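full-length UniProt numbering numbers the first residue of the sequence shown as 1 and each following residue consecutively. Worksheet: one structure, shown below.
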Amino acid sequence: MDLLGPSLEDLFNFCSRKLSLKTVLMLADQMINRVEFVHSKSFLHRDIKPDNFLMGLRRRANQVYCIDFGLAKKYRDSSTHQHIPYRENKNLTGTARYASMNTHLGIEQSRRDDLESLGYVLMYFLRGSLPWQGLKAGTKKQKYERISEKKALCRGYPTEFASYFHYCRSLRFDDRPDYAYLKRIFRDLFIREGFQFDYVFDWTILKYQQSQLAAPPARAIGPNVGTSSALPPAVTNADRQTGEEEGRPPGLVSGDSTRRRMTGPIPNSVNISKQKNPVTTDAALNKEAMLSRPNVLGQSSGSRRAAVSSSRDAFVGSDLDLRTRTTETNPGTAPKTSSVRNASHVKSYETAVKGI
């Protein structure tokens, strides 16, 4: 037994009790197929209504299923295909709202009645309600008579629906309906309206919109979580200005930010993506630069931050900037010695980049 999803009545309510023409026509094609299949097995459904058509789940969420054969009846012999006889004065079987004209008149139901009931279901979806809903009468018989009168006067839907009802009501009791013709009526309307048969129903759009609104903002887990910045930890200040490519590995952030600040030709981004551990290289260079200053260990935490910042800038700045930043951070260090060491770091960094 298949596990199925919501009924068309449930989805109709979910869509504020009104379905678009596109959705109704996509449903019509499948629903006619389901009724045709039931008839091919020599049975009448006799209770066609929105509650008895369900949508599938997961991969089959776009497929319509027909259920509830509690009122079904065999209309012909399976071997001889002998049709049941015509009879009158029958009690109404099924749901009065969607019952055919002949059913209201007490005539034995046949294949034509299932299809007429299906037409009322489609019109119910399209209009939002049926003209005879809510009619009051003293007895059930009087109510059924009033419903029958209203159905004869039903108007206000596309001409293809009128053609559908005209065909169903023109069938004789034991006639085999032309299911292909009925599907073609709605398919022609579908094409003329310029719709695309993409299985995007009204509830598909509504569910997607609700999921987008209900989804919480993405929160990254990392060392930078909890900072004042509202951006994910992987997004740096440079990325905030230029826009980081979505999906880039987090390990490329430091190396990529340095690459954007470097002078001269920019390395190919494809080669950068092949780097095994760019963070390790950058961290090693920073550590070596910090150890090259004799006063680092004796400074406060604020001085250490200045030293790290100066060492990072020294890799990409000019020689004059190197000497200036080194003198400001460590006044007792000779500019010449610092310049030579930093020049050595720059050369090592360029060699590492070329080897990537």
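Cβ atoms here follow ideal geometry from the backbone N, Cα and C, with glycine treated the same way. Here the structure is a predicted model, which means the values were calculated and not measured.
| Cutoff 7 Å; reference Val64; Cβ partners in own chain excluding five residues on either side | Here residue 64 is taken as the residue at index 64 of the sequence shown, counted from 1. Excluding sequence neighbours, Val64 sits near Leu27, Gln30, Met31, Arg34, Phe53, Met55.
| When DSSP builds the beta bridges, which residues end up paired with Val64? | Working through the sequence shown from its first residue, we reach residue 64 at position 64. DSSP output for Val64 lists Met55 as bridge partner(s).
| Separation of Ser211 from Ala289, as counted between CA atoms | As a working mapping, residue 289 is identified with position 289 in the sequence shown. As a working mapping, residue 211 is identified with position 211 in the sequence shown. In this prediction, Ala289 has a pLDDT of 48, which is less than 50 and means its spatial position is unreliable; nothing more can be read from the coordinates.
| query | So, using beta-carbon positions, are Ile67 and Arg76 closer together than 8 Å? | reply | Start at 1 with the first residue of the sequence shown, and residue 67 comes out as number 67. Start at 1 with the first residue of the sequence shown, and residue 76 comes out as number 76. Against a cut-off of 8 Å, the Cβ pair of Arg76 and Ile67 comes out as no contact.
| Secondary structure at Leu92, three-state DSSP: helix, strand or coil? | The residue given as residue 92 occupies position 92 in the sequence shown. Here Leu92 sits in coil by DSSP.
| request: Check the C-beta distance from Phe195 over to Leu25 and give it rounded, since I have them as a contact under 8 Å. | output: By one-based count along the sequence shown, residue 195 stands at place 195. By one-based count along the sequence shown, residue 25 stands at place 25. Yes, Phe195 and Leu25 are in contact; Cβ-Cβ is about 7 Å, under 8 Å.
| query | In terms of alpha-carbon separation, which member of Ser40, Arg127, Ser110, Ala214 lies closest to Leu71? | reply | Walking along the sequence shown from the start, residue 71 turns up at place 71. Of the candidates Ser40, Arg127, Ser110, Ala214, the one whose C-alpha sits nearest the C-alpha of Leu71 is Ser110.
| task | Can you say whether Phe37 is buried or exposed, counting buried as having 16 or more other CB atoms within 10 angstroms of its CB? | result | As a position in the sequence shown, residue 37 is number 37, starting the count at 1. The Cβ neighbour count for Phe37, taken over all protein chains shown within 10 Å, is under 16; the residue is labelled exposed.
| field | Under the three-state DSSP convention, the category Phe186 falls into | value | As a working mapping, residue 186 is identified with position 186 in the sequence shown. Looking at Phe186 - three-state DSSP - the assignment turns out to be helix.
| request: Consider the C-beta atom of Gly70 and the heavy atoms of the ligand SAM; say whether any pair is separated by less than 7 Å. | output: Only the bare structure without any ligand can be found here, which leaves the ligand SAM out of the picture.
| task | From the DSSP output, read off the bridge partner residues of Ser16. | result | Here residue 16 corresponds to residue number 16 of the sequence shown, with the count starting at 1. Ser16 is bridged by DSSP to nothing; it lacks a bridge partner.
| request: Select from Trp132, Phe161, Arg187 the residue whose C-alpha is nearest the C-alpha of Tyr98. | output: For the purposes of this step, residue 98 is taken as the residue at position 98 of the sequence shown. Ranking the options by Cα distance to Tyr98, first place goes to Trp132.
| request: Would you mind giving the Cβ-Cβ distance between Glu108 and Arg87, rounded to the nearest angstrom? I have them listed as a contact below 8 Å. | output: In the sequence shown, the residue the question calls residue 108 occupies position 108. In the sequence shown, the residue the question calls residue 87 occupies position 87. Contact between Glu108 and Arg87 holds, since their C-beta atoms are separated by about 4 Å, short of 8 Å.
| task | Please say whether Lys73 and Arg46 have beta carbons closer to each other than 8 Å? | result | On the sequence shown, position 46 is the one that residue 46 refers to. On the sequence shown, position 73 is the one that residue 73 refers to. Taking 8 Å as the Cβ cut-off, Arg46 and Lys73 qualify as a contacting pair.
| message | Check whether the region 154 to 168 and the region 177 to 193 are in contact - that is, three or more C-beta pairs closer than 8 Å. | response | Taking a cut-off of 8 Å on C-beta distances, the region 154 to 168 touches the region 177 to 193, as three or more cross pairs fall below it.
| Can you name, in chain order, every residue of its own chain whose Cβ lies under 7 Å from the Cβ of Gln82, other than the five neighbours on each side? | Looking up residue 82 in the sequence shown gives position 82. Answer for Gln82: Arg76, listed in chain order.
| task | Using 10 angstroms around the beta-carbon of Arg112, count the other beta-carbons present and answer buried if the total reaches 16, otherwise exposed. | result | Taking the sequence shown and counting its residues from 1, one reaches residue 112 at position 112. So Arg112 counts as buried.
| field | Gly94 to Arg184 span [Cα, whole Å] | value | Against the sequence shown, residue 94 aligns to sequence position 94. Against the sequence shown, residue 184 aligns to sequence position 184. Going from the Cα of Gly94 to the Cα of Arg184 covers about 28 Å.
| field | Bridge-paired residues (DSSP) for Ser7 | value | Against the sequence shown, residue 7 aligns to sequence position 7. For Ser7, the beta-bridge partners assigned by DSSP are Leu54.
| request: Spatial neighbours of Thr227 within its chain, please: CB distance less than 6 Å, with the 5 preceding and 5 following residues excluded, ordered by chain position. | output: As a working note, residue 227 is residue 227 in the sequence shown. With a pLDDT of 45 at Thr227, under the threshold of 50, the predicted position of this residue should be treated as unreliable, and no value is reported.
| query | Is DSSP giving Leu206 helix, strand or coil here? | reply | Start at 1 with the first residue of the sequence shown, and residue 206 comes out as number 206. Annotated three-state conformation of Leu206 is helix, per DSSP.
| field | Residue closest to Phe201, alpha-carbon to alpha-carbon, out of Leu3, Tyr167, Phe12, Met1 | value | Indexing the sequence shown from 1 puts residue 201 at position 201. If we check each option's Cα against that of Phe201, Phe12 comes out closest.
| query | Should Arg304 be labelled buried (16 or more other beta-carbon atoms within 10 Å of its own) or exposed? | reply | Within the sequence shown, residue 304 is the residue found at index 304, counting from 1. With a pLDDT of only 45 at Arg304, under 50, the local geometry of the prediction cannot be trusted, and no value is derived from it.
| field | Sequence-distant residues of the same chain with beta carbon closer than 7 Å to Lys49, five excluded per side | value | As a first step, residue 49 must be located in the sequence shown, where it is residue number 49. Cβ within range, chain order: Thr95, Tyr98, Val121.
| Residue range of the alpha helix (DSSP H) that includes Ala215 | Reading the sequence shown from its first residue, position 215 is the one you call residue 215. Careful: Ala215 lies outside any alpha helix (DSSP H) and carries neither H nor E.
| query | Looking at the structure shown, is His83 part of a helix, part of a strand, or coil, going by DSSP? | reply | Looking up residue 83 in the sequence shown gives position 83. In the structure shown, His83 sits in a strand (DSSP, three-state: E or B).
| request: State the start and end residues of the unbroken alpha helix (DSSP H) segment that holds Met101. | output: Working through the sequence shown from its first residue, we reach residue 101 at position 101. Met101 -> alpha helix (DSSP H) spans 101 to 104.
| query | Does DSSP classify Leu118 as helix, strand or coil? | reply | In the sequence shown, the residue the question calls residue 118 occupies position 118. Of the three classes helix, strand and coil, the one that applies to Leu118 here is helix, per DSSP.
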